[in-house]
Amino acid sequence: MAKVAVIGATGNVGARLVAELVQRGHRVTAIARNPATAASPQVEAVAGDLRDPAGLARLLAGHDAVVSAVRFADTDPKALIGAVRASGVTRYLVVGGAGSLEVAPGRRLIDQPDFPEAYRHEASRGAAFLDVLRGVTDLDWSFLSPSALIEPGERTSRFRLGRDSLLVGETGSRISYEDYAVALVDEIERPAHIRQRFTVGY
């Protein structure tokens with residue numbers, strides 16, 4: 001059993017991660033600006049603010065792992081990574097985006113002409129966050145990119161993992177929030193992608 005802090009615990013992915021961690025018997029600290037909806041007998045819900053790195057570091061201290069499930073557009077990567085570093089926690093997992101995945105060697109999804117403009121800013125900030133992480137050598141980080149489409153669905157535990165290339169299956173490039181959470185918690189329990197980006201899809 002691990003003690004895991006989830007930053008952004010009330011979002012689409014964060015809430016599923018909290019549920020998956022609880023289901024597997026882990027102790028969870030749910031950190032959000034408005035944490036009331038994350039509270040339960042199995043979850044300690046606390047208020048935290050990305051704009052207060054020192055306060056965030058204090059909330060993270062004493063955990064076995066930290067997961068950040070926050071929008072990249074709202075995040076200063078150096079400040080967030082600095083808060084994790086200052087907390088003394090070395091295992092850091094990031095809910096990533098699909099935009100920086102390659103659709104062909106040297107060709108990223110975000111650079112394709114049909115990439116939705118509405119998602120371009122968030123995707124570019126996610127790619128920048130990954131670039132910063134790749135220079136971090138004192139944390140055991142992992143960055144999990146979803147498939148091109150991530151949406152509510154079933155927890156099947158049947159999916160594929162990859163590295164830097166977009167996964168495309170019979171129904172396109174997709175993954176459910178629920179199975180994304182399974183893949184990330186698997187990585188917490190059985191680390192296989194230390195200081196690497198990896199991806200999950202059907």
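Here full-length UniProt numbering is used: the first residue of the sequence shown is 1, the next is one more, and so on.
Note that CB positions come from ideal geometry on N, CA and C, so glycine has one too.
List the DSSP bridge partners of residue i.
| i | result |
| --- | --- |
| Ile194 | Paired residue(s): none; Ile194 is not in a bridge. |
| Phe143 | Val94, Arg197 |
| Glu151 | Ser176 |
| Val46 | Ile31 |
| Glu102 | Arg108, Ser165 |
| Ser40 | Val43 |
| Lys3 | Arg27 |
| Arg160 | Gly201 |
Below 8 angstroms on the Cβ atoms is my guess for residue i versus residue j; work out the distance and round it to an integer in Å.
| i | j | result |
| --- | --- | --- |
| Ala32 | Pro53 | The Cβ separation is near 16 angstroms, so there is no contact. |
| Arg160 | Gly201 | 6 angstroms |
| Ser87 | Ala57 | 4 angstroms |
| Val28 | Leu21 | 5 angstroms |
| Pro191 | Phe129 | Going by Cβ atoms, the distance from Pro191 to Phe129 rounds to 20 angstroms, so no, they are not a contact pair. |
On the DSSP letters alone, give me the boundaries of the alpha helix (DSSP H) that residue i sits inside.
| i | result |
| --- | --- |
| Val13 | 12–23 |
| residue 204 | This structure leaves residue 204 out entirely; the chain is present only between 1 and 202. |
| Pro53 | 53–60 |
Please list the terminal residues of the continuous beta strand (DSSP E) segment that includes residue i.
| i | result |
| --- | --- |
| Val89 | That residue, Val89, is in no beta strand (DSSP E); it is neither H nor E in DSSP. |
| Val67 | 65–68 |
So that I know if they touch, is there some Cβ in chain D lying closer than 7 angstroms to that of residue i?
| i | result |
| --- | --- |
| Arg197 | Included in the structure is just one protein chain, with no chain D present. |
Does the segment 60–69 come close enough to the segment 33–40 to have 3 or more Cβ pairs within less than 8 angstroms? no
Touching or not, the segment 133–150 and the segment 87–100, by the rule of three or more beta carbon pairs under 8 angstroms? A contact between stretches requires three or more CB pairs, one per stretch, nearer than 8 angstroms, and the segment 133–150 meets this requirement with the segment 87–100.
Touching or not, the segment 178–188 and the segment 145–165, by the rule of three or more beta carbon pairs under 8 angstroms? yes
Does the segment 4–21 touch the segment 156–170, meaning 3 or more C-beta pairs lie closer than 8 angstroms? Touching, no, given that fewer than three Cβ pairs across the two stretches are closer than 8 angstroms.
Is there contact between the segment 70–81 and the segment 122–139, where contact requires at least three CB pairs shorter than 8 angstroms? These segments touch.
Stretch-stretch touch, CB-based, cutoff 8 angstroms, three pairs: the segment 131–141 with the segment 194–202: yes
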